[in-house]
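A.B. asks:
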Amino acid sequence: MKRTITLTVNNRPGVLNRITNLFSKRNYNIESITVGHSELEGVSRITCVVNVDNENIIEQITKQLNKQVDVLKVTDISDQAIVSRELALIKVLSTPNTRSEINALIEPFRATIVDIGKDSLVIQLTGESEKIEAFIELIKPYGIKELARTGTTAFLRGTQRTSNSTKNISIV
Amino acid sequence: MLQETAFTKMKADNKPISGSELLLQALEKEQVEVIFGYPGGAVLPLYDKIYDSKILHVLPRHEQGGIHAAEGYARITGKPGVVIVTSGPGATNIVTGLTDAMMDSLPLVVFTGQVATGVIGSDAFQEADILGITTPITKYNYQVRNIEDIPYIVKEAFYIASSGRPGPVLIDIPKDIATAISEPPEEKEINIPGYQPTLQPNYLQIRKLTEAVSSAKKPVILAGAGVLHAKAAAELKQYAEQQQIPVVHTLLGLGGFPAEHDLSLGMAGMHGCYTANMALYEADLLINIGARFDDRLTGNLESFAPNATVAHVDIDPAEIGKNVPTEIPIVADAKEALKQLVAQEGKLPEHKEWLTQLQNWKKEYPYFYDNTSSLKPQKVLEMLFEKTKGEAIVVTDVGQHQMWAAQYYKFSKANRWVTSGGLGTMGFGLPASIGASFADRDACVLAILGDGGFQMSTQELAVIKEFNLPIKIIILNNMALGMVRQWQELFYEGRFSHSKNPVQPSFVKLAEAYDIKGYEINSVEEAETILNEVFSNNEPALLDFRVDPNENVYPMVPAGKGSHEMVGVKP
Ligand SMILES: Cc1ncc(C[n+]2csc(CCOP(=O)(O)OP(=O)(O)O)c2C)c(N)n1
Numbered sequence: 048m049k050r051t052i053t054l055t056v057n058n059r060p061g062v063l064n065r066i067t068n069l070f071s072k073r074n075y076n077i078e079s080i081t082v083g084h085s086e087l088e089g090v091s092r093i094t095c096v097v098n099v100d101n102e103n104i105i106e107q108i109t110k111q112l113n114k115q116v117d118v119l120k121v122t123d124i125s126d127q128a129i130v131s132r133e134l135a136l137i138k139v140l141s142t143p144n145t146r147s148e149i150n151a152l153i154e155p156f157r158a159t160i161v162d163i164g165k166d167s168l169v170i171q172l173t174g175e176s177e178k179i180e181a182f183i184e185l186i187k188p189y190g191i192k193e194l195a196r197t198g199t200t201a202f203l204r205g206t207q208r209t210s211n212s213t214k215n216i217s218i219v
Numbered sequence: 014m015l016q017e018t019a020f021t022k023m024k025a026d027n028k029p030i031s032g033s034e035l036l037l038q039a040l041e042k043e044q045v046e047v048i049f050g051y052p053g054g055a056v057l058p059l060y061d062k063i064y065d066s067k068i069l070h071v072l073p074r075h076e077q078g079g080i081h082a083a084e085g086y087a088r089i090t091g092k093p094g095v096v097i098v099t100s101g102p103g104a105t106n107i108v109t110g111l112t113d114a115m116m117d118s119l120p121l122v123v124f125t126g127q128v129a130t131g132v133i134g135s136d137a138f139q140e141a142d143i144l145g146i147t148t149p150i151t152k153y154n155y156q157v158r159n160i161e162d163i164p165y166i167v168k169e170a171f172y173i174a175s176s177g178r179p180g181p182v183l184i185d186i187p188k189d190i191a192t193a194i195s196e197p198p199e200e201k202e203i204n205i206p207g208y209q210p211t212l213q214p215n216y217l218q219i220r221k222l223t224e225a226v227s228s229a230k231k232p233v234i235l236a237g238a239g240v241l242h243a244k245a246a247a248e249l250k251q252y253a254e255q256q257q258i259p260v261v262h263t264l265l266g267l268g269g270f271p272a273e274h275d276l277s278l279g280m281a282g283m284h285g286c287y288t289a290n291m292a293l294y295e296a297d298l299l300i301n302i303g304a305r306f307d308d309r310l311t312g313n314l315e316s317f318a319p320n321a322t323v324a325h326v327d328i329d330p331a332e333i334g335k336n337v338p339t340e341i342p343i344v345a346d347a348k349e350a351l352k353q354l355v356a357q358e359g360k361l362p363e364h365k366e367w368l369t370q371l372q373n374w375k376k377e378y379p380y381f382y383d384n385t386s387s388l389k390p391q392k393v394l395e396m397l398f399e400k401t402k403g404e405a406i407v408v409t410d411v412g413q414h415q416m417w418a419a420q421y422y423k424f425s426k427a428n429r430w431v432t433s434g435g436l437g438t439m440g441f442g443l444p445a446s447i448g449a450s451f452a453d454r455d456a457c458v459l460a461i462l463g464d465g466g467f468q469m470s471t472q473e474l475a476v477i478k479e480f481n482l483p484i485k486i487i488i489l490n491n492m493a494l495g496m497v498r499q500w501q502e503l504f505y506e507g508r509f510s511h512s513k514n515p516v517q518p519s520f521v522k523l524a525e526a527y528d529i530k531g532y533e534i535n536s537v538e539e540a541e542t543i544l545n546e547v548f549s550n551n552e553p554a555l556l557d558f559r560v561d562p563n564e565n566v567y568p569m570v571p572a573g574k575g576s577h578e579m580v581g582v583k584p
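Each protein sequence line maps, in turn, to chains E and R. Letter by letter, the first sequence follows residues 48 to 219 in the numbering used here. Letter by letter, the second sequence follows residues 14 to 584 in the numbering used here.
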């Protein structure tokens, strides 16, 4: 199953290496990882999507991450109301004939064309990973020349259903 | 404190100071007694200051020996062992020791030299990416980027190494930082938002455990090295006696509870005794205090403690539930948890039948060996125990001799046992015995080694001679890589691939070359006389015991089997 973990970490040299190192040392699979500044100075925010076989492993992952000196907070947000977004850039082959078809595909996905070349165009799309995957499937037949995805970044929505309150990963 | 006044005075003077001086001052502030270090280009500025320092500096003859010595020191004192090595090869030579310390939770603060900041990343002479190399094998590591940070980083490193679950911390110091000059920086208090070890147990879990104990029919305590790190041996004894709960040890936990106590069941695990392993198998309540359910202890997890409710006290939350599902998790320092457990009101337990059954097993299934013919390694250990009245510091290498030492040397006190458990590092024993000796200069130290492992660190004999350390080097010489030979005998149809009859030097002559007395011993009678001789003085000595080359360690839980499926439990 896929789980989404968010971390806040000290923005210091080598921190990302510590995190990815831990994943390989413990034999965990990272599906995607994104890093960037947070609202606090000196603190970065990391979002990891991991694929695990069972709850035990995700508990181990969060505990091991928590143990890192530079990790300030770890939250498994998978079971909560979250906003989760990924950005994809897709360069597709296009001819004058297919251009309008592609335009028609783009619209319901609220994607935009950000560059047009002689025989290709670049589409920018944001959304949850599933949406991006669905779009890629649709656009594939036209010929994808290049594809770049950022990986998911996510956080909690402002309002949570009470029944689904923060999963307590600490056993203290 | 003297050093502090010196430091404060220096600050008051506001005299500019070099990075190396700052570092040595920081070490003095931490009251470091001994540095195990080896010089080289990148640490020459530092060595120039060490030349004038009051702190004792010990030169191992290989950096790996230095870090194992620091581990031995840390194991006995509980204080961080300090190591200084140069960049590049000096730094990569300590990788095994760091991993060993990480696995066995030993506090170390290790300084590595580094090439100057301007050339880092250019494959400069003796450059190694030691931060990258050691990230997975240290509790934390730093590279100093500003000279002003040195005092704080050192202070934080000592704190991280020795608090919570202890471990090795590495500080990489570029050469230009060591020579840079600065105004003495302001002192800073430790503040690490991401690192706040939990020391106090959760009260509800303590109650839950207390209730579980009062209704248990077959409770057992598994005491690991966490008891020793927390200096909680007295509290453990109090709790076990109060509740009449028998105690089983891990290999690293030996000494946390007196071996000859009625409630002591001895060591469990692959070469543990019948009673200890069966107690774990039969228990209905297993109270793990500071052990991490290592696979050499549990055997096949499917059949580990199948009937037990499991309680686990550990300062590292990640260890709880990692290998064994746990009903009563208690994240805490072992000492704090035990204190609270002792203070609980609860129905006193009724499990006389259980204690009787365990006593019967103890009588019926003790460790045994056939003592009728040649000189047996087990006999040597029994004699050593007797001659030292059980009061020596015992340090081992890795292999059969290590298991026999664990089985036959009955520890009555905590922190007198030094062995490489998690990593099982051959070559550990001799240098670790040096560190242990520096930790307690008056103690008689036994370095119990195999002929294989001794040859991995032989060079450290020079240090023993240099300081005339009271270390008795006991080689259980079976002319083989014994533990490998045993596995090949049992599981590889006796095909002794590269394990038997290696070409050996004369260990006695080798000792003599270092001006250490050496003895070859072939019989119990010889052993008797020579042991009496060597224990009558505080000089180092090397004893080459020619033991039965075919002796195996039993009982044994074969790999992949459950802890109740031991072989070799009876003659
Ligand atoms: C550095 C290292 N290399 C290899 C091993 C694998 N190993 C474990 S025990 C052993 C044999 C040790 O032989 P010896 O030192 O003679 O001790 P004995 O078992 O005979 O008591 C070996 C090779 C190890 N534990 N560590």
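Glycine included, C-beta positions come from ideal geometry on N, C-alpha and C.
1) For ligand 1, is there any heavy atom lying closer than 6 Å to the beta carbon of H414/R?
2) Under 9 Å Cβ-Cβ, which residues of chain E neighbour L354/R?
3) Quick check: the stretch 377 to 396 of chain R against the stretch 436 to 454 of chain R, are there 3 or more CB pairs under 8 Å?
4) Would G403/R count as contacting chain E if we go by Cβ distances under 7 Å?
5) How about L576/R and Y294/R: are their beta carbons less than 7 Å apart?
6) Compute the beta-carbon to beta-carbon distance between H70/R and N106/R, rounded to the nearest angstrom, for a pair I have assumed lies under 8 Å.
7) Within 7 Å (strictly less), CB to CB, does T125/R reach chain E?
8) With distances taken from CA atoms, which of R73/E, G198/E, R208/E is nearest L136/E?
9) Please confirm if D117/E has its CB atom under 7 Å from at least one CB of chain R.
10) Quick one: what's got a C-beta closer than 7 Å to S167/E's C-beta in the same chain, skipping five residues either side?
11) Look at G531/R and V547/R and say whether their C-beta atoms are less than 7 Å apart.
12) Taking the beta carbon of G180/R as the centre, do at least 16 other beta carbons fall within 10 Å, making it buried, or is it exposed?
13) Provide the residue span of the beta strand (DSSP E) that contains G279/R, from first to last.
14) Spell out the partners DSSP gives T200/E in its beta bridges.
15) I'd like to confirm something about D61/R: is its beta-carbon nearer than 6 Å to some heavy atom of ligand 2, or not?
16) For I328/R versus D307/R, is the C-beta spacing smaller than 7 Å?
17) Within 7 Å of any Cβ in chain R, is that where the Cβ of R59/E sits?
18) In this structure, does DSSP put G50/R in helix, strand or coil?
19) What do you reckon, is the C-beta of N491/R under 6 Å from a heavy atom of ligand 1?
20) Between the alpha carbons of M14/R and V45/R, how many angstroms are there, rounded?
21) Which residues, in chain order, does the stretch 196 to 208 of chain R contribute to contact with chain E at a C-beta distance below 8 Å?
22) Work out the CA separation of P342/R and V169/E for me, nearest whole Å.
23) For ligand 1, any of its heavy atoms closer than 6 Å to the Cβ of V411/R?
24) Quick one: which residues of the stretch 149 to 164 of chain R get their C-beta closer than 7 Å to a C-beta of chain E? List them in chain order.
25) Any contact of the stretch 453 to 460 of chain R with the stretch 405 to 420 of chain R, i.e. 3+ C-beta pairs under 8 Å?
26) Using the Cα positions of E175/E and L119/E, report the straight-line distance between them to the nearest angstrom.
27) Looking at the C-beta of P330/R, does it have a partner C-beta in chain E at a distance below 7 Å?
28) What whole-angstrom Cβ distance do I105/E and C95/E have, given they're in contact under 8 Å?
29) Would you mind listing the alpha helix (DSSP H) stretches within the stretch 441 to 514 of chain R that are 4+ residues and don't spill past its ends, in chain order?
30) Can you give, in chain order, each stretch of the alpha helix (DSSP H) that sits fully within the stretch 96 to 140 of chain E and has at least 4 residues?
31) According to the Cβ coordinates, are G437/R and A83/R closer than 7 Å?
32) Within this structure, are the beta carbons of F398/R and Y422/R separated by less than 7 Å?
33) What does the Cβ neighbour count give for P187/R, buried or exposed, with the cut at 16 atoms within 10 Å?
34) Have a look at N101/E, I129/E, M48/E, T122/E and flag the residue whose alpha-carbon is nearest the alpha-carbon of G205/E.
35) Between the stretch 200 to 210 of chain R and the stretch 159 to 177 of chain R, do three or more beta carbon pairs fall short of 8 Å?
36) Taking 8 Å as the threshold, find out whether the stretch 504 to 512 of chain R comes into contact with the stretch 91 to 111 of chain R through three or more Cβ pairs.
C.D. replies: In this structure, then:
1) Relative to ligand 1, the beta carbon of H414/R is positioned inside 6 Å of a heavy atom.
2) At a C-beta separation below 9 Å, L354/R has no neighbours in chain E, since its nearest C-beta there lies roughly 17 Å away.
3) By the criterion of at least three beta-carbon pairs nearer than 8 Å, the stretch 377 to 396 of chain R is not in contact with the stretch 436 to 454 of chain R.
4) With 7 Å as the cut-off, G403/R does not count as an interface residue toward chain E.
5) The residue asked about is misnamed: residue 576/R is Ser in this sequence, not Leu. Contact: yes.
6) Wrong, their Cβ atoms sit about 17 Å apart, outside the cutoff.
7) No, no contact with chain E.
8) The candidate whose alpha carbon is nearest that of L136/E is G198/E.
9) Yes, D117/E lies at the interface with chain R (some Cβ there is under 7 Å from its Cβ).
10) So the qualifying residues of the chain are K138, V139, L140, S141, K192.
11) No; because the gap between Cβ atoms is not below 7 Å, this pair is not in contact.
12) Flag for G180/R reads buried.
13) For G279/R, the enclosing beta strand (DSSP E) starts and ends at 277 to 280.
14) Bridge partners of T200/E: R132/E.
15) Summarising the ligand content, the structure contains ligand 1 and does not contain ligand 2.
16) The answer is no: Cβ separation not under 7 Å.
17) No - not a single Cβ of chain R is within 7 Å of the one on R59/E.
18) Shown here, G50/R sits in a strand according to DSSP, grouped into three states.
19) Within the cutoff, so yes.
20) Bear in mind that a pLDDT of 40 at M14/R, under 50, signals an unreliable position, so the model cannot answer this.
21) Cβ contacts with chain E: I205, P206, G207, Y208.
22) If I take the Cα positions, the gap works out to 53 Å.
23) With a cut-off of 6 Å, the C-beta of V411/R is classified as near ligand 1, since at least one heavy atom of the ligand falls inside that distance.
24) So the close ones are P149, Y153.
25) Because the criterion of three Cβ pairs below 8 Å is met, the stretch 453 to 460 of chain R and the stretch 405 to 420 of chain R touch.
26) Approximately 26 Å between the Cα atoms of the pair.
27) It does: the Cβ of P330/R has a partner Cβ on chain E nearer than 7 Å.
28) Wrong, their Cβ atoms sit about 11 Å apart, outside the cutoff.
29) Segments of the alpha helix (DSSP H) lying fully in the stretch 441 to 514 of chain R: 442 to 452, 464 to 467, 474 to 479, 495 to 504.
30) You should have 102 to 114.
31) Not a contact, by the Cβ cut-off of 7 Å.
32) Going by C-beta atoms, F398/R is nearer than 7 Å to Y422/R.
33) Burial call: buried.
34) Looking from the CA of G205/E, the closest CA among N101/E, I129/E, M48/E, T122/E belongs to I129/E.
35) Judged by Cβ distances under 8 Å, the stretch 200 to 210 of chain R makes contact with the stretch 159 to 177 of chain R, as three or more pairs qualify.
36) No, the stretch 504 to 512 of chain R is not in contact with the stretch 91 to 111 of chain R.
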